[in-house]
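Quick mapping for you: the protein sequence lines, in order, are chains A and B.
For what it's worth, this note's numbering labels the leading residue of the first sequence as 15, then goes sequentially.
For what it's worth, this note's numbering labels the leading residue of the second sequence as 15, then goes sequentially.
All C-beta atoms, glycine included, are put in the ideal place defined by N, C-alpha and C.
To start, the structure under review is shown below, and the notes come after it.
There are 2 protein chains.
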Amino acid sequence: MKNILLIILMIAGLNVFGQNGHPSIMLTKENVQAVREGVKKYPLLRSSFDEVLNNANKALKIPINVPVPADGGGGITHEQHKNNYKNVLNCGIAYQITNDNRYAEYVKNTFFAYAKVYNTWQRHPKRKQTPGGKIFWQNLNDCVWLVYMIQGYDMVFNYLQESDRKYLTDSLWTSVINEQTVVNEKNFNVIHNFAFWSTAGVGMAGYVCGKKEWVEIALRGGKKDGKSGYFKLIDELFSPDGYYEEGPYYLRYAIQPLVIFARAIQTHQPELKVYEYRNSIIKKAVDCDLQCTYTNKVFFPINDALKDKTYETEELVYAVDIAYGNMASGDDLLDIAQQQKRVIISDGGFQVAKAIYEGKAKPFAYKPQFIKDGRDGNSGGVGILRTANNTNQTAVVMKAGTQGMGHGHFDRLNVLFFDNNKEIFSDYGAVRFLNVETKSGGGYTKENDTWAKATIAHNTLVVDKTSQFNEEWEEGEKNTPKLIYFNANSINSNNGRTVQVVSMEENNAYKDVRMLRTEVLFLPDNAESPILIDVFKVNSSSEHQYDLPFWYQGHLTDISFKYKTVTNSLKTVGDKSGYQHIWLNGEGKINNSNAAITFLNNQKFYTTTFWADSSTKVEFVTLGANDPEFNLRNEKAFIITEPKAKDQTFINITEPHGKNDPIAEFTIDFRPSIKNINLISDKDEVTAFSFEYKNKQYLVQLNYSNKQEFITIK
Amino acid sequence: MKNILLIILMIAGLNVFGQNGHPSIMLTKENVQAVREGVKKYPLLRSSFDEVLNNANKALKIPINVPVPADGGGGITHEQHKNNYKNVLNCGIAYQITNDNRYAEYVKNTFFAYAKVYNTWQRHPKRKQTPGGKIFWQNLNDCVWLVYMIQGYDMVFNYLQESDRKYLTDSLWTSVINEQTVVNEKNFNVIHNFAFWSTAGVGMAGYVCGKKEWVEIALRGGKKDGKSGYFKLIDELFSPDGYYEEGPYYLRYAIQPLVIFARAIQTHQPELKVYEYRNSIIKKAVDCDLQCTYTNKVFFPINDALKDKTYETEELVYAVDIAYGNMASGDDLLDIAQQQKRVIISDGGFQVAKAIYEGKAKPFAYKPQFIKDGRDGNSGGVGILRTANNTNQTAVVMKAGTQGMGHGHFDRLNVLFFDNNKEIFSDYGAVRFLNVETKSGGGYTKENDTWAKATIAHNTLVVDKTSQFNEEWEEGEKNTPKLIYFNANSINSNNGRTVQVVSMEENNAYKDVRMLRTEVLFLPDNAESPILIDVFKVNSSSEHQYDLPFWYQGHLTDISFKYKTVTNSLKTVGDKSGYQHIWLNGEGKINNSNAAITFLNNQKFYTTTFWADSSTKVEFVTLGANDPEFNLRNEKAFIITEPKAKDQTFINITEPHGKNDPIAEFTIDFRPSIKNINLISDKDEVTAFSFEYKNKQYLVQLNYSNKQEFITIK
């Protein structure tokens, strides 16, 4: 009956938003009393509220400060305006839970302080784009400001006089919305993570202030034609599996406005069924982002990603609370919430804290899976192989999806390897010191382009020492890799254990070069943890240099072949395409058909044994050359190189083994168990090879066009 | 009465040892019943025993294996013999607590297995010294083997038939003692950490087997003249403060036989009053070793030290249990025991577990202190400045004691700085991969001599690019630095806060160069944590190059002066004295009187601001050159250099500041607060300078010969 009424009202074009009362976004009027009770009862809700209250009380003690915008990221006015929006939200929540007017008064006074000066400010002096931000150097930060501020406004809405609300709407909100939708119209209507923040802020302001116009453009774009706006962003930027074009790190950033706005839409316009939109894509996106982490809590550092970002970040607290509390996600999300150690004081956070209190938490269900990329799900994707173990998980990631726009790296068929809660073969991530103003103003440094995006910075093949697509990302957007095979449930006929496989093909990154890479996670007999079998098949009609780097984490402890190190004078390995950033420390030629490199990481040994021919050589390198501002970390790699080949198949098997415990002073199994990798047959349709593990021989056959029996291991 | 009887018996030369019954070392007959009860009652005793029992049960399941010795450190036979002695002790304890004969039988069978083959073995094939070990490559490991084995024997002594005991004494123990005291007579009678293990094993065997002769030579040396043996070791190797000549890492190694043998002596010959020997030096040594750790649990990495060694190591579990349980150390030791998460199943471990159960644990009392070195306590020492805070402690260590024999480094006046649970200015420690056979057989690599011991590897002055004493450690043994002043209780007349100071002088490390270094830990007004003021005064009658390196941990984020980086081709900074191992990444000349270098470590900023003159330059370097086997870590330093000077005073102030939180995405106080360091007056007797902190000026005066008012800060 109520819904019908709403629909009728909508059809009538009346302003219905906000008619359900306030607050109405994360915390809703009907649940306020329950949350108040819950704060007393549920430990996680209580400690989370204590933190909010603590911060709110701190805010009350300091005079409100709305400085004229001056600094870039990390600078004083930048951080002050960030503090202001956090204080407003904390005080808004504190007001709702405690009913203490002092908090509401603080929020009101902050709004009045902004209202007084906002329209007197010019464009931000440190802006790098046109038109740039107003409160902050980037318009993006202004959008974030609005998302927080409007929630605070919603919290104190009923506390304010009608006249105050009118004043604020006229003097502040309308100007802010104009700033977002008109002055920065381009950001508002772009298909990009920026626009999630922009549309969410504008749309929620519409709901709270009762401005239907703002909601409409937020949902359907500036022209209300559905070619931009929130729903179009969801359509375009997510694959059917919830994968986000720019990768898990940027999804982390977009997910907060994605879920908050969804929550607001559900309350104000339930008839839009936003939770069910595109087969519940929002819920899938939350799950997908969490699946794109390892047990060290860090997001897979695909594309431009900061490697210290974990799912403990605030954005994911919002996402988990809403997914669990409002979208009925599984109880394994409670495991993540427990590790986040906080909830948002909200309807969803209440549900999470209550369920944890009731003992419903289950270990987060990490799953091996192929995550499809592209809006229709047919643009490659990310293959994840992993063991179910949450405490000592082995995980392999193959990245072979869309380019990921300007934040994408030239890293098709890149492979990451994790084990024992550590990165083993790693991705550099982005070159950026977030919020450190002395480092390129806290933004991406120039090495992000010259190094981090380059193909050689990744664990994938480099042809003729150039990057894929000649480092033109628009070229990379034109096509995608192809999934050949994925299966996490193959059974090894020999020992009956599960074999996990992903195989993908990329034929456009380099002209006239076909690349087909297959990763297999396999547990041989008498092995404690699975080994990683990597088969990289390259075909070309002309001769090329093929470099296959492995950026390992750890310290080299053994090299099976003769090598020479450079002792007195280091040179770079090349002069462009990222090679100008790496120093050549040593190199060796392989004279046997097998070679092995061992390194020690977190008290465990890792050995990569690889098949070689008479021309194979290995370079040992360290990152750090041509780095005039000391922006790079000194990461290390070994590069397996074929100097001149048309067709080439690399077979590399990496095994974790043994232990070196410096506290208890013992070492076991410092020698690898893999021996005698032997390529038996290598054709377009089939690669067959054998190897020994602990003196038992295994015969592996990859049947590239056989979906029934893609892999056999005997 | 009993004591008198004992003395009479001793005088009579009768064999009295072992008359008190068995077991009689860590766990004694009279306490066995209490420990059995305690295992049921006290959680820490229970979990520790569960671990022992678990390992004992594992041992029972596997056939006893006593292989012919073949491998070096970390190799298969090496680790097997280590396992054997651990299994014997675990099974011995399990037998005492459970009375289950199966454990005793295992111990007996292991002894019989050794007895059968021990005398058939030749010298160890992988020995590096002469005569070397028998069971292991080093005799030292054979000594350790005996210390464990004899405890196991003591545990099952009463289970064995008299005839078995006779057989084992004749066929095994007598041969083992001969191996230690005759074949390896040199190790047995040397004044070195080795001999603690050697004498402890032999002496305890004497007690357990009732062989007075063995005890006597263990206590008073091979010639029974007191010129070597246990008591002489204690006399020579410890300062009156309990500091051990080779430093805290090697004390950690010597401490286990030191305390176990003391425990055995106390039981078997209480009249020797070993616990009170040299003013309770054993108890002081335990405390001293713990004081030589930072809150990250790691020993200060002075001299040859592995940096992953913490007080959780087994040796310190023995030390803490005996010091607390038998020597009446303070309740703050229980804090360490709690972090060790285990006790030895013994009289002492029982006391520890009981006291923790009774809630007696107090936070470990870290104290700023000057630890005197040298047997008479007048050979310099280690100055430790530190805040009392155990969770976010600031600590400064100045090393200026004896050379430390062959494991000593050429690092007089070296300064280490710790903050926020991390190393900030660090010492490389030793170049060694313990028990990793592929890395120089698990021993010290050659870079330990060419790099780790060199002066440039430390945070102290290098004169003319050569190491102290021309890297001849015997030269270094001839004299020591001098303590000028230490006080952890000075009061700043300005703000009334405590100022901690250590000042030391070294005049022999370089010919005709007098070096006087003063460290001050000082909390200015409005500072969150103390700043480190470093004043390094050098005087010479001739011109020298002075290099003062700071090996920092972290990533550079700001440099206040112009510098040039090397981009395409790295060269080493020098060709000897350690300089051949460091690459020159960049350098700059200081054109102002002050310069500052900022780096980020564990989300906190650190800035070193230093006073400079027109010839001061700074080099930025990375370790790793001339490293043919990839043994070195790529540590980083900035080196403040005066290319040509006679007298020079370096003033460097390092301040922790701000925070950079990449999860919550905020940055505060990335800029330092120290400004305008100005040298006002610098004479033999006085150095006076001023600086500003948060716009307040401080005037510091160091009065080198005034013990009443050494420092004033106004």
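Whole angstroms are fine: how far does the CA of residue j sit from the CA of residue i?
i	j	result
Leu646(B)	Gln417(B)	24 Å
Gln567(A)	Gly600(A)	17 Å
Ile21(A)	Glu285(A)	Its pLDDT being 45, under 50, Ile21(A) is placed unreliably by the model, and the measurement read from it follows with that caveat. C-alpha separation (whole angstroms): 7 Å.
Phe174(B)	Asp184(B)	For the record, residue 174(B) in the displayed sequence is Leu; it is not Phe. Each residue's alpha carbon lies about 15 Å from the other.
Phe724(B)	Lys689(B)	24 Å
Asn605(B)	Glu633(B)	15 Å
Val700(A)	Asn666(A)	17 Å
Asn720(B)	Ile727(B)	15 Å
Leu74(A)	Gln194(A)	30 Å
Val515(B)	Met169(B)	51 Å
May I ask you to report which of helix, strand or coil DSSP gives residue i?
i	result
Ile18(A)	At Ile18(A), the pLDDT of 47 sits below 50, so the modelled position is not reliable; the number obtained from the coordinates is stated separately. In this structure, Ile18(A) counts as helix in the three-state DSSP scheme.
Ile654(B)	strand
Ile505(B)	strand
Glu633(B)	strand
Leu535(B)	strand
Trp211(A)	helix
Tyr325(B)	coil
Ala610(B)	strand
Trp151(A)	coil
Met412(A)	strand
Ala468(B)	coil
Trp228(B)	helix
Compute the distance between the beta-carbons of residue i and residue j, then report whether it is under 8 Å.
i	j	result
Thr668(B)	Tyr620(B)	yes
Asn449(A)	Gly147(A)	no
Ala626(B)	Glu557(B)	no
Asp335(A)	Gly363(A)	yes
Met518(A)	Ile498(A)	yes
Ala333(A)	Gly261(A)	no
Asn674(B)	Phe684(B)	yes
Lys618(B)	Gly672(B)	yes
Leu154(A)	Phe208(A)	yes
Leu399(B)	Glu491(B)	no
Gly388(A)	Thr474(A)	no
Val552(B)	Gln662(B)	yes
Thr309(A)	Gln152(A)	no
Gln305(A)	Tyr380(A)	yes
When you compare each of the options to residue i by their alpha carbons, which one comes out closest?
i	options	result
Asp641(B)	Lys368(A), Lys603(A), Phe684(A), Thr581(A)	Thr581(A)
Val300(A)	Ala337(A), Ala214(A), Ile358(A), Thr324(A)	Ala337(A)
Ile295(B)	Phe314(B), Ser343(B), His282(B)	Ser343(B)
Val161(A)	Ala278(A), Pro686(A), Asn406(A)	Ala278(A)
Leu265(A)	Thr281(A), Tyr325(A), Lys246(A), Gln283(A)	Tyr325(A)
Met341(A)	Lys298(A), Ala502(A), Asn97(A), Gly217(A)	Lys298(A)
Exercise for the section: Give, in chain order, every residue of the region 683–695 of chain B whose Cβ lies closer than 9 Å to some Cβ of chain A. Expected result: Within the region 683–695 of chain B, the qualifying residues are Phe684, Arg685.
Problem - Interface residues of the region 302–326 of chain B facing chain A [CB-CB below 7 Å] - result: Leu320, Asp322, Lys323, Thr324, Glu326
Handout entry: Within 9 Å of chain A by C-beta, residues of the region 658–681 of chain B in sequence order
Key = The residues in question are Asn674, Asp675, Pro676, Ile677, Ala678, Glu679, Phe680, Thr681.
Handout entry: Members of the region 581–608 of chain A near chain B, C-beta cut-off 7 Å
Key = Within the region 581–608 of chain A, the residues whose Cβ lies closer than 7 Å to some Cβ of chain B are Thr581, Asn582, Ser583, Leu584, Lys585, Thr586, Trp597, listed in chain order.
Exercise for the section: Using a Cβ-Cβ cut-off of less than 9 Å, list which residues of the region 439–453 of chain B approach chain A; keep chain order. Expected result: Phe447, Leu448, Asn449, Val450, Glu451, Thr452, Lys453
Problem - Residues of the region 625–651 of chain A whose Cβ lies closer than 9 Å to any Cβ of chain B, in chain order - result: Phe634, Thr636, Gly638, Ala639, Asn640, Asp641, Pro642, Glu643, Phe644, Asn645, Arg647, Asn648, Lys650
Problem - Near-chain A residues of the region 82–109 of chain B - C-beta to any C-beta below 7 Å - result: Gly88, Glu93, Lys96
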